[in-house]
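Peer 1:
Residue numbers (my numbering), protein chains in the order written: chain A, 1 to 234; chain B, 1 to 234; chain C, 1 to 234; chain D, 1 to 234.
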């Protein structure tokens, strides 16, 4: 390998060294995209803040860090409600007797198969944690997988609401939030991910996921900063 | 928080402690899903092993680790060709005068805007790196974004080829490979990601991405192990 | 035009005359595609046989011809149930407070706006007509538009059930049935449309729709013949 | 049946008779949706005006009526170009060695299998008929099936161009045009179909298709009227 690199370097003056490109990459991971955010074109997605993940001690799938962000998520939800920014909730729940779940989902290690007692009452009702209860008229999407857009009408709903920007909060950062962010990005949405209103089950992966999202998919910022941006442009 | 947890604990005997759930989660990150892999139902996806990422020193987007996996990717490609496992290549390239690119892509830090000289010859032709040149008749999909399934006919192609399993190799692990893995998972495919035949620009994010994929989306294994599994089931 | 045709004819011996091509086209409209139908790979879709369209006199959207096919649809449903061919029902109904309806739907003449008293109880509950009530465990998909695949998980459900063939019956032939047939065709399904178990509000359009479907999208046959084919291959 | 109807009628005063509903339906088939059309939000889709369908005598798939609308299509294309309304062309052509074609397409009667000499040069290059040649910079989408949206990035392109309205012209009315209209409708676009700038191989089916589209999917109008509407709102 080293020889090849050296050879290439000899033949060409205009060139990027390994150090050049790694520095560029490293720097980009610490930066944020910049795009204009218009509150009247924005919706808030509250991802999977449901009892299974948030209610303390209830299930083996409980994400303690998700319980810890509830207050901040609530503040963001309340802010959006006051500003007429639509709040849309999702939950991983029963849809069509589970017949629409991705085919290999049941094999995944995160199902804890054989490790915890089977409990078919989990991930069925998709009840949103009581401190974050949806209000009458707010959309709740029960979804069969991680991403909120696949096999659901979320994009149509956002179109009908005239929204081209989504703020993502909820859990788990590196599963449902991250997948939803990627899907929103590909569908042409401006995506904002709240760094302190998303939660996962491993602090290192929280950071890793946010780095990847920030470099290529989404603006990542703490919720106070998101509110400030919305406030300024409102 | 602690008080709430304690309160809940008092009221209920059957309960999961914070330590319980974090241990379960940590363990699951180190495990792999298990599902049957049939060579005659499998396709190999070689993601974005194109000059822009692989050719040493050519662009600021060069991923040195991608250059380093070429030999192993080649071995996997050759194995699949011998076994009549279809090999499908993708490249991030010009499609429809770039008019189909996700709307916010240009704002992302990974475009290095203002940091490197603009060069419109990049990501236009989608030339696969010469050591991995597609053979006559092998499908090459030029795609407008990270994921190989969105806005492309990849799923139709796999259906027509009778494949329900995809092996993913290429670059960048936490962008095009990871997004493609998530999309394949949601479309019901069995997904296998090669741990030593994927590459990115940050070793920690390589590991982080594989951990997330392994826990919830894909079987993650070194290429030698993937070949062994295919061989055994062939 | 005639001159141009004549000119072209002079220059080239191998050529198709206007009469040739129109005869070929006309003949193809009267033919059927042929493909193998395997009962164990087939599902029955019962499209929108809901009170709004079927229950006599209840709504201005009542389709009398739909009421007339109930018995034959029932026979087909019963046959499929006996043979363990999954029966999937759809209904045009409330989903997400109607926020996921196609944006221009409300403007369409088939909504009879201003012509009939507004009745918000229509197309909300999606109750399947009582003679065709779904059984416990049978999938019912509430959909926001004509096509049963768009913005719904129908394709995932069919994948999970291992089905590559769909039989379509229900109403209206040239709206929900026809759109669903086109969508199934494009997703690679073998499509069978029952000529005497579909119904619309205009006999000429019933025939016209079936002609178009038969030439390019689906096998079109009376229900007795569909049952015979399933029986033979069972 | 009659008895059931009578019975229902007796029980309830507010009711719709068979005559009522058929009259409502018949009337709706002759009407048009009304929605606002903004030229700066509109794109023109020229569907499959390619040599295979338009060039006189060349293939058995020639649609003489398509050749006859060329002048009017040209006028519409020229008008849109003058007004900076993007013109997007589609063609049914080779994409990925035909591996992405819907699985049952080859079985359809409209392929004329066994009736005409096989000619693999058809539907490969997707050459637009010379009188309608796309200009430099105009998008041409080669598609594997009837609908212009499925497995193509057409929706992303329209989003990027800021278009929420599409005008559809081209051929065949009841295959590629009609399917594209249905897909555009479901994706939330305002759809306008040109009645004298679409063509098919059977005059009755031309009318039947336009009736169905007009009642539930699209505004249908002659091209002179479409131009007048654009002019008025320009």
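Think of the CB as a built atom: it goes at the ideal place given N, C-alpha and C, for glycine as much as any other residue. It should be emphasised that the depicted structure is a prediction, and the values quoted were computed from it without experimental measurement.
1) Among residues of its own chain, excluding the 5 on either side of residue 183 (chain C), which ones have a beta-carbon nearer than 8 Å to its beta-carbon?
2) Does the beta-carbon distance from residue 200 (chain C) to residue 169 (chain C) come in below 7 Å?
3) Using a Cβ-Cβ cut-off of 7 Å, state whether residue 174 (chain D) counts as contacting chain C.
4) Once the 5 residues before and after residue 9 (chain D) are set aside, which same chain residues still bring their CB inside 7 Å of it?
5) List, in chain order, every chain B residue whose beta-carbon is nearer than 9 Å to that of residue 156 (chain C).
6) Give the interface partners of residue 243 (chain C) over in chain B, defined as CB-CB distance under 7 Å, in chain order.
7) Count the C-beta pairs between the region 78-87 of chain B and the region 112-127 of chain B that are closer than 8 Å, then say yes if the count reaches three, no if not.
8) Which word fits residue 73 (chain A), buried or exposed, when buried means at least 16 other C-beta atoms lie within 10 angstroms of its C-beta?
9) How far does the beta strand (DSSP E) with residue 190 (chain C) in it extend, from its first residue to its last?
10) Using a Cβ cut-off of 8 Å, which residues of the region 85-112 of chain C contact any Cβ in chain A, in chain order?
11) Using a Cβ distance threshold of 8 Å, determine whether the region 127-135 of chain D contacts the region 43-53 of chain D, with at least three qualifying pairs required.
12) Should residue 232 (chain B) be labelled buried (16 or more other beta-carbon atoms within 10 Å of its own) or exposed?
13) Relative to the C-alpha of residue 103 (chain B), which candidate in A:36, A:26, A:195 has its C-alpha closest?
14) Looking at chain C, which residues of the region 123-138 of chain A have a Cβ within less than 8 Å of any of its Cβ atoms?
15) Excluding the 5 residues preceding and the 5 following residue 210 (chain B) in the sequence, name in chain order all residues of the same chain whose CB lies nearer than 6 Å to its CB.
16) Please identify the residue among C:206, C:174, C:202, C:158 whose C-alpha is closest to the C-alpha of residue 190 (chain C).
17) State the Cα-Cα distance for the pair residue 154 (chain D) and residue 172 (chain D), rounded to the nearest angstrom.
18) For a contact meaning CB atoms closer than 7 Å, what does residue 222 (chain B) contact in chain D?
19) Identify which residue in A:164, A:108, A:163, A:122 has its Cα closest to the Cα of residue 93 (chain A).
20) Under 6 Å Cβ to Cβ from residue 145 (chain C), same chain only, skipping five residues before and after it: list those, please.
21) So is residue 182 (chain A) in contact with chain B if we call contact Cβ pairs under 7 Å?
22) Using DSSP's beta-bridge definition, name the partner residues of residue 169 (chain C).
23) For residue 142 (chain D), list the residues DSSP reports as bridge partners.
24) Using a beta-carbon distance below 7 Å, is residue 196 (chain C) in contact with chain A?
25) Tell me where the beta strand (DSSP E) around residue 221 (chain D) begins and ends.
26) I want to see whether chain D comes within less than 7 Å of residue 33 (chain B), judged by CB atoms only; does it?
27) On the CB-based measure, 16 or more other CB atoms within 10 Å of its CB, does residue 181 (chain B) come out buried or exposed?
28) Does any residue of chain D bring its CB to less than 7 Å from the CB of residue 147 (chain C)?
29) Strictly below 9 Å CB to CB, what residues from chain A border residue 26 (chain B)?
30) Starting from the Cα of residue 138 (chain A), find the closest Cα among A:45, A:192, A:58, A:207 and give me that residue.
31) Is residue 202 (chain A) buried or exposed, if buried means 16 or more other CB atoms sit within 10 Å of its CB?
32) Please classify residue 206 (chain A) as buried or exposed, where buried requires at least 16 neighbouring CB atoms within 10 angstroms.
33) With distances taken from CA atoms, which of D:142, D:88, D:25 is nearest residue 163 (chain D)?
34) Do you know offhand how far residue 212 (chain A)'s Cα is from residue 34 (chain D)'s?
35) Report yes if the CB atom of residue 42 (chain D) is closer than 7 Å to the CB atom of residue 165 (chain D), and no otherwise.
Peer 2: Taking the definition as stated:
1) As a first step, residue 183 (chain C) is located in the third chain; it is residue number 183 there, counting from the start. Within its own chain, the residues whose Cβ lies closer than 8 Å to the Cβ of residue 183 (chain C), once the five positions on either side in sequence are excluded, are 147, 148, 149, 150, listed in chain order.
2) On the third chain, residue 200 (chain C) is found 200 positions in, with the first residue counted as 1. On the third chain, residue 169 (chain C) is found 169 positions in, with the first residue counted as 1. No. Outside cutoff.
3) Numbered from its first residue, the fourth chain carries residue 174 (chain D) at position 174. Yes, because at least one Cβ of chain C sits closer than 7 Å to the Cβ of residue 174 (chain D).
4) Indexing the fourth chain from 1 puts residue 9 (chain D) at position 9. Caution is warranted here: a pLDDT of 44 is assigned to residue 9 (chain D), below 50, making its placement in the model unreliable, and the coordinate value is therefore given only provisionally. Cβ within range, chain order: 15.
5) Translated into the one-based positions of the third chain, residue 156 (chain C) becomes position 156. From the beta-carbon of residue 156 (chain C), the residues of chain B found nearer than 9 Å are 186, 187, 188.
6) The requested residue 243 (chain C) is not part of the displayed model; chain C covers only 1 to 234.
7) The answer is no - the region 112-127 of chain B does not touch the region 78-87 of chain B, with fewer than three Cβ pairs under 8 Å.
8) The residue you call residue 73 (chain A) lines up with position 73 of the first chain. The residue in question, residue 73 (chain A), is buried, as its Cβ has 16 or more Cβ neighbours within 10 Å.
9) Locating residue 190 (chain C) in the third chain gives position 190, where the first residue counts as 1. For residue 190 (chain C), the uninterrupted beta strand (DSSP E) run begins and ends at 190-199, by DSSP.
10) Result list: 95, 96, 97, 99, 100, 101, 102, 103.
11) Output reads yes: the region 43-53 of chain D touches the region 127-135 of chain D.
12) Taking the second chain and counting its residues from 1, one reaches residue 232 (chain B) at position 232. Result: exposed.
13) Here residue 103 (chain B) refers to the residue found at position 103 when the second chain is read from its first residue. Comparing Cα-Cα distances from residue 103 (chain B) to each of A:36, A:26, A:195, the minimum goes to A:36.
14) Residues of the region 123-138 of chain A with a Cβ closer than 8 Å to any Cβ of chain C, in chain order: 137.
15) One-based indexing of the second chain puts residue 210 (chain B) at position 210. The residues are 195, 220.
16) Within the third chain, the letter at position 190 stands for residue 190 (chain C). Selection C:206, C:174, C:202, C:158 evaluated against residue 190 (chain C) yields C:158 as nearest (Cα-Cα).
17) For the purposes of this step, residue 154 (chain D) is identified with residue 154 of the fourth chain, where counting begins at 1. For the purposes of this step, residue 172 (chain D) is identified with residue 172 of the fourth chain, where counting begins at 1. Cα to Cα, residue 154 (chain D) sits roughly 19 Å from residue 172 (chain D).
18) Position 222 of the second chain holds residue 222 (chain B). Against chain D, a Cβ distance below 7 Å from residue 222 (chain B) picks out nothing, because the smallest value is about 30 Å.
19) Against the first chain, residue 93 (chain A) aligns to sequence position 93. Comparing Cα-Cα distances from residue 93 (chain A) to each of A:164, A:108, A:163, A:122, the minimum goes to A:122.
20) The residue given as residue 145 (chain C) occupies position 145 in the third chain. So the list reads 102, once near-sequence residues are dropped.
21) On the first chain, position 182 is the one that residue 182 (chain A) refers to. Any Cβ of chain B closer than 7 Å to the Cβ of residue 182 (chain A) would place that residue at the interface, and such an atom is present.
22) Sequence index remark: in the third chain, residue 169 (chain C) carries index 169 (1-based). Bridge partners of residue 169 (chain C): C:46.
23) As a first step, residue 142 (chain D) must be located in the fourth chain, where it is residue number 142. D:91.
24) What you label residue 196 (chain C) is simply residue 196 of the third chain in a count that begins at 1. When Cβ-Cβ separations below 7 Å define contact, residue 196 (chain C) makes no contact with chain A.
25) Along the fourth chain, one-based indexing puts residue 221 (chain D) at 221. Residues 219-221.
26) The count along the second chain starts at 1 and reaches residue 33 (chain B) at position 33. Look at residue 33 (chain B): its C-beta is not under 7 Å from any C-beta on chain D.
27) Working through the second chain from its first residue, we reach residue 181 (chain B) at position 181. Looking at its Cβ environment, which holds 16 or more other Cβ atoms inside 10 Å, residue 181 (chain B) is buried.
28) Residue 147 (chain C) sits at position 147 when you count from the first residue of the third chain. By this cut-off, residue 147 (chain C) is an interface position.
29) Taking the first residue of the second chain as position 1, residue 26 (chain B) is located at position 26. Around residue 26 (chain B), the beta-carbon contacts reaching into chain A at under 9 Å are 201, 202.
30) Along the first chain, read from residue 1 onward, the residue named residue 138 (chain A) stands at position 138. It is A:45 whose Cα lies nearest to the Cα of residue 138 (chain A).
31) Along the first chain, read from residue 1 onward, the residue named residue 202 (chain A) stands at position 202. In the assembly as shown, residue 202 (chain A) is a buried residue. Its beta-carbon has 16 or more other beta-carbons within 10 Å.
32) Taking the first residue of the first chain as position 1, residue 206 (chain A) is located at position 206. So residue 206 (chain A) ends up on the buried side.
33) The residue given as residue 163 (chain D) occupies position 163 in the fourth chain. For the set D:142, D:88, D:25, the Cα lying nearest the Cα of residue 163 (chain D) is the one of D:88.
34) Residue mapping note: residue 212 (chain A) aligns to position 212 of the first chain, counting from 1. Residue mapping note: residue 34 (chain D) aligns to position 34 of the fourth chain, counting from 1. Cα to Cα, residue 212 (chain A) sits roughly 46 Å from residue 34 (chain D).
35) As a working note, residue 42 (chain D) is residue 42 in the fourth chain. As a working note, residue 165 (chain D) is residue 165 in the fourth chain. Result yes, Cβ atoms of residue 42 (chain D) and residue 165 (chain D) sit closer than 7 Å.
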